[in-house]
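Report on one structure; see the data block that follows.
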Amino acid sequence: MSGHSRIGWASVAVVSFVTSVAVVSFVKLEVLVLDRNYLNDSFLSSISAVASLKELHMEGNMLDQLNSLPEKLPSESWNYDFPRCIDRGCTLNGSLPAQGWCELRNLQELDLSGNELEEILPSCLANMTTLRLLDLSSNHFSGSMTLLSSFFNLSKLEVILSDNNEIVDEAESQTWAPTFQLKFISLSGSSLEKSSGTIPKFLHYQHKLQVIDLSHNNLSGKFPTWLLENNSRLEILNLRNNSFIGPFHVPYHPYPKIWSIDISHNHLGGQIPVNLGLVFPNLGHLNMSGYAFKGIIPSSFGDLVSLRTLDLSSNHLSGTMPKQFAMSCSSLGYVRLSNNNFSGKIFPIGFNLTNLSFLYIDNNQFSGKIPNSLPDIQSWAFDFSNNYFSGELLRWMGNMSSLQEIAMASKKLGGPIPHSFDLVTLDLRENRLTGYLPDWIGNLSSLSILLLKANHLQGKIQNQLCLLACLRMLDLFQNNFYGLIPQCLSNITFEGTHQKSDIVDETWLVDDYVPIETLLPY
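In this note's numbering, each residue's number is its place in the sequence shown (first place is 1) plus 174.
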């Protein structure tokens, strides 16, 4: 309810069990939240008695006839001027009728997301001159309609959300500039490639954008540096999973407001811009994974002192970790450098990544011994597999109380199996481990994946394995075990060992957009 701070709590009702009598008793009610109830259409007529109502939220109900909502709310009570109407996920279907909706001329926010609407919207919606937010996400809009250009005359419009619709860009001949200046545009998964395959032209006229999400559209062409250059207030840029080509060009002057960039899974290549850390000094999240960047990590990454997540995986990058980067980026919590050609030691001496929780450097050419200073990191997961590390597995791993995932298949590590009682994944395949399966292994109550293939372990397979109630993958092949397999293992439902675990919480990967409420002044 952070967006309602301008309205006193005495004027807000959040209702989980609702009756007509209960609602009409609030004579000064301004905000009514009816989310996730079992409302039917007959209930709507009782709401019309609440003349003070300004906001109506009905997310997650099953009102399949709610298309005629305004008809259920008589004009003599409402005067058609309530500013917010939230019908998210109410299973609205078909098309919205013009009658009723067209009279809501003073509407400020219209959220129709998560329904089953299709065909075309009433043309009269273009007359809602006070509209600031329009959310059409996750419906079934499709066909050759100019869904967005019909709203170009709404000068107060600041937020457009139309994810997961098959909308079509305005016709090639339509080059007029919209009257609005958006702050937030999200057209993720909107099949823009079915029209021109390029970024909608009306975005060339936008200069106040703070959030741009055009991900999952298969857009083509060169990287749109102009989106950055035109919007000095930009905070989030998400172009993930498109088909942009060529180098990643960044502007020459700093953009201090940008804190999240995701250009992963495109066809970009070449060197990482050497001035990236200087142009985006306050960057918190950077994802450049999944194609053909080459060369080294620029030293300017050492200027990214606010960086929290970094994903450069699945490229052709090489060289070592820059010393300034390892010393200065102390806020880093998530680093993924997998599937590159990095070499040398993991980190230089004196590195300062004490907040690092997830470290994935598998399938590189790192070598040497794993640093003794890693216990200072409160890791949840790390994957050092398929590198050239040597020496023994370090006993201090058992002292990392938060550690949940260890993956260190490397062919050269020896010693006994380390233990950490919160482990979810333990992957030590193809090393030189010796000794027996430890008795304490049955105490790993959360362990789901245990992969010890191709080591030098010996002795009997312990019954303690049967205590692992969460176990789904087990691989003990190519060791020196003898005796019978414990019969109790037949009670465990196993999955294939070809899968690879990744327990990282997706919240690290920045889906936490700027709250829309902060973009709309009231």
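Positions of the beta carbon are idealized from the N, C-alpha and C atoms, including for glycine. Predicted, not measured: the structure shown is a model, and the values here were computed from it.
Linking Lys202 to Leu281 through their CA atoms gives a straight-line distance of about 20 angstroms. Ala351 carries a coil assignment under DSSP once its states are collapsed to helix, strand and coil.
Taking 8 angstroms as the cut-off, the beta carbon of Cys644 is found closer than this to the beta carbon of Leu621.
Annotation for Asn404: the continuous alpha helix (DSSP H) segment containing it runs Thr399 to Asn404. Rounded to the nearest whole angstrom, the C-alpha separation of Asn489 and Arg646 is 31 angstroms.
Excluding its 5 nearest sequence neighbours in each direction, His314 has C-beta neighbours in its own chain below 7 angstroms: Glu290, Leu291 and Glu292, listed in chain order. Annotation for Val448: Pro472 and Ser474 place their beta carbon closer than 7 angstroms to its own, counting only its chain and skipping 5 residues before and after.
In this structure Arg407 is exposed. Its beta-carbon is surrounded by fewer than 16 other beta-carbon atoms within 10 angstroms. For Gln498, the enclosing alpha helix (DSSP H) has its first and last residue at Lys497 to Ser502. Excluding residues up to 5 positions away in sequence, Asp613, Ile615 and Gly616 lie with their Cβ nearer than 7 angstroms to the Cβ of Gln638 in the same chain. Per DSSP, the continuous beta strand (DSSP E) segment holding Val207 begins and ends at Val205 to Val207. In the assembly as shown, Ser323 is a buried residue. Its beta-carbon has 16 or more other beta-carbons within 10 Å. For Gly609, the enclosing beta strand (DSSP E) begins and ends at Arg606 to Tyr610.
DSSP, read as helix, strand or coil, puts Asp536 in coil.
For the set Asn301, Leu310, Asn538 and Pro496, the Cα lying nearest the Cα of Asn327 is the one of Asn301.
Arg510 has Asp485 and Tyr534 as its beta-bridge partners, per DSSP. For Gly518, the uninterrupted beta strand (DSSP E) segment begins and ends at Asn515 to Gly518. At the C-beta level, Leu631 and Thr599 stay beyond 8 angstroms of one another.
The straight-line gap separating the alpha-carbon atoms of Ser312 and Tyr562 is approximately 47 angstroms.
In the structure shown, Asn654 adopts extended strand secondary structure according to DSSP, grouped into three states. Cα atoms of Val453 and Val333: separation of roughly 27 angstroms, rounded to the nearest angstrom. Counting along the chain, no beta strand (DSSP E) covers Leu450; the unbroken alpha helix (DSSP H) around it starts and ends at Leu450 to Val453. In the displayed model, Leu639 falls within a helix according to three-state DSSP. Beta bridge pairing from DSSP links Tyr379 with no other residue. Sequence-distant Cβ neighbours of Ser417 in its own chain, meaning closer than 7 angstroms and more than five residues away, are Asn392, Leu393, Ser394, Asn440 and His441.
Per DSSP, Val333 is one residue of the beta strand (DSSP E) stretching across Val333 to Leu335.
The beta-carbon distance between Asp536 and Phe516, rounded to whole angstroms, is 11 angstroms. This is too long to meet the 8 angstroms contact definition.
Leu481 places its beta carbon less than 8 angstroms from that of Ser505. Bounds of any beta strand (DSSP E) do not take in Gln282, whose DSSP letter is neither H nor E.
Going by beta carbons, Lys627 and Leu650 fall inside the 8 angstroms limit.
Residue pairing by DSSP places Ser492 opposite Asn515 in a beta bridge. Shown here, Ile419 sits in a strand according to DSSP, grouped into three states.
Put simply, the backbone Cα of Pro428 is about 34 angstroms away from that of Gln539. Only residues of its own chain outside the window of five on either side were considered, and among them Leu533 have a CB closer than 6 angstroms to the CB of Phe556, listed in chain order. When DSSP reads this structure, Glu292 sits in no beta bridge, so it has no partner.
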